[in-house]
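According to my numbering, the residues represented by the sequence shown are 1 to 120, in order.
Down below is the structure, laid out as structure tokens.
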Amino acid sequence: MAHRALLLVDLQNDFCAGGALAVPEGDSTVDVANALIDWSLARGEPIVASQDWHPADHGSFASQHQVEPYTEGELDGLAQTFWPDHCVQHSEGRGAASAAQAAGDRRCVPQRAKPDHRQL
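Okay, here's the thing in structure tokens:
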């Protein structure tokens, strides 16, 4: 017997239009996710979501190195793109994209990273 689950990866405000690190067509992803959420809920299938998050002083943020976002540099001896501050812990941008909250009873798995390390 096959088992299915819906996995929502980083469907968050900061990756949607107007967010700190907006992804092209990110909002259309929310529409697709909502349809899949409804489909999964109707069948009683589990829904699991991951969320990107960082402390305000995360080492991959351009603001921590006084450089412009998307500047290429080095962190811990490895090549690094320095990102705009995004998905900061306790911020609105870190929250689930508003439409995705329709998932109801789902398990959210926050991604973890040390403040001074990049998240892989």
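Where is the CB? At the ideal position from N, CA and C, for every residue including glycine.
Rounded Cβ spacing between residue i and residue j (contact assumed at less than 8 Å)
{"i": "His54", "j": "Cys16", "result": "At roughly 17 Å, the Cβ-Cβ gap does not stay under 8 Å, so His54 and Cys16 are not in contact."}
{"i": "Asp52", "j": "Asp10", "result": "5 Å"}
{"i": "Ser75", "j": "Ser60", "result": "Here residue 75 is Leu; the residue named in the question, Ser, does not match the sequence. Right, their Cβ atoms sit about 7 Å apart."}
{"i": "Ala96", "j": "Ala49", "result": "7 Å"}
Run of the beta strand (DSSP E) containing residue i, from where it starts to where it stops
{"i": "Ala79", "result": "78–82"}
{"i": "Leu172", "result": "Missing from the structure shown is residue 172; the chain here goes from 1 to 120 and no further."}
{"i": "Leu8", "result": "6–9"}
{"i": "Gln51", "result": "47–51"}
Where the alpha helix (DSSP H) through residue i begins and ends
{"i": "Ala42", "result": "26–42"}
Contacts around residue i, its chain only, beta-carbon distance under 7 Å, and the 5 residues preceding and following it disregarded
{"i": "Ala20", "result": "Asp14, Pro84, Asp85, His86, Gly93"}
{"i": "Met1", "result": "none"}
{"i": "Asp27", "result": "Cys16, Ala17"}
Member of the options whose CA lies at the smallest distance from the CA of residue i
{"i": "His3", "options": "Phe82, Arg43, Gly77, Thr81", "result": "Arg43"}
{"i": "Leu6", "options": "Gly26, Ile37, Gly95, Ser91", "result": "Ile37"}
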